[in-house]
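Visitor: This is the structure I want to talk about, given as structure tokens.
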Amino acid sequence: MKVAQEYIKNVDKLAPCPQVALDVMAIANDPEADTAKLAARIEQDPLLTANMLRFANSAYFGHMKKINSVADIIMRLGLESVKLIAIAGASAGLLKSGQEAYGLDTGQLARHSFATAVLAAILGRHAGAREIDALFTAALLHDVGKIVLNRHLQQALYADGGPPEGRFTLLEMEHALLHTDHARVGMLLLRQWGLADKIVVPVGLHHTLDHEKSKFLFCRIVYLANQLTEGVGIHAIDPAAQFFDVEACRERSEDFPIVPGFSEHMEEIMAEFHDRYQETVATFVL
Ligand SMILES: [Fe+2]
Ligand SMILES: [Fe+2]
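Going by this note's numbering, 16 is the number at position 16 of the sequence shown; the sequence numbering is gapless.
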């Protein structure tokens, strides 16, 4: 754990911390704070305001009447949703940067992250999960540790004259070169940002099935959503050309954790994912 902590010590220099999102969470968590103060803080950031309005008006929230202002968002969606929309809005920029050591060009991590988030939210609804917004956030930020480790991994790879010989999984490579991995580092970063365990823990366990907490529903869903979005290469190619291979998915089902409703409603879930993902790509200009 100590090694991972070292990497995030200077994280402000490595990745722009979404300060406005942190402020929004702090204000929203303060029982004394009023919504006018919250709206004022959000409106100081025009890009975040625009992102939040687009997101709040997207079909993801299913509202019939157009939302025109930040005050509207707070009133109509409630504080919990506003916090999470602020995180999504502020993270979009952070996630768009390229992560070369991981073979991710500009925009690829953002597309993979939003795809995982959209899919996790749909899986969550079919599984009867509550607090879908928190699940969306956990899935959106699951690979945030890659942003922290990218430069270190890049340096380590070139210091030794290229990647180590042999076949490694990504996590084995991270452990061999950095003595930690992006799931663990992401978990610590989000904990530092003050996010709740229901978000932090699934991020830390998104490549693990044998931890005692891996059986938590959010952990299973984020793990599965990440496996599925990686499997179809959503981070890598044209979002308009995405489709899921349901048959291939069934063949791999033994590798997946059990998520209620998934195997029964696979076709329906994938079809809905496809539509929602297109909307999200348009909303956040991914
Ligand atoms: Fe990952
Ligand atoms: Fe991932």
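We put the CB at the ideal spot given by N, CA and C, even for glycine.
(1) How would you call Val339, buried or exposed, if buried means at least 16 neighbouring beta carbons within 10 angstroms?
(2) Run the proximity test for Asn150: is its beta-carbon closer than 7 angstroms to any non-hydrogen atom belonging to ligand 2?
(3) Below 8 angstroms on the Cβ atoms is my guess for Val20 versus Leu48; work out the distance and round it to an integer in Å.
(4) Would you mind stating whether Val148 and Val203 have Cβ atoms separated by less than 8 angstroms?
(5) So does the region 69-85 actually touch the region 257-272, counting three or more Cβ pairs closer than 8 angstroms?
(6) For Thr208, which residues of its own chain have a beta-carbon under 6 angstroms away from its beta-carbon, when the five flanking residues on both sides are left out?
(7) What residues in its chain sit with their C-beta under 8 angstroms from that of Arg220, if we drop five residues either side in the sequence?
(8) Is it buried or exposed, Pro16, if we count other Cβ atoms within 10 angstroms and call 16 or more buried?
(9) Give the list of continuous beta strand (DSSP E) stretches no shorter than 3 residues that lie fully inside the region 58-139.
(10) Beta-carbon distances below 5 angstroms to any heavy atom of ligand 2 define the shell here; list its residues in chain order, please.
(11) So, for Met287: in the same chain, excluding its five sequence neighbours on each side, which residues have a beta-carbon less than 6 angstroms away from its beta-carbon?
(12) Report, in whole angstroms, the separation of the C-beta atoms of Ala159 and Phe136, which I expect to be a contact under 8 angstroms.
Guide: Put simply:
(1) An answer regarding residue 339 cannot be provided, because it is not within the stretch 1 to 286 covered by the chain.
(2) no
(3) 5 angstroms
(4) By the CB criterion at 8 angstroms, Val148 and Val203 fall outside the cutoff.
(5) no
(6) The answer, listed in chain order, is Ser214.
(7) Only residues of its own chain outside the window of five on either side were considered, and among them Ser214, Pro257, Ile258 and Val259 have a CB closer than 8 angstroms to the CB of Arg220, listed in chain order.
(8) With a pLDDT of only 48 at Pro16, under 50, the local geometry of the prediction cannot be trusted, and the value read off the model is given with reservation. Pro16 is exposed by the Cβ-count criterion.
(9) none
(10) Asp143 and Asn226
(11) Because the chain spans 1 through 286 in this model, residue 287 falls outside it and cannot be assessed.
(12) Not confirmed; about 38 angstroms, so no contact.
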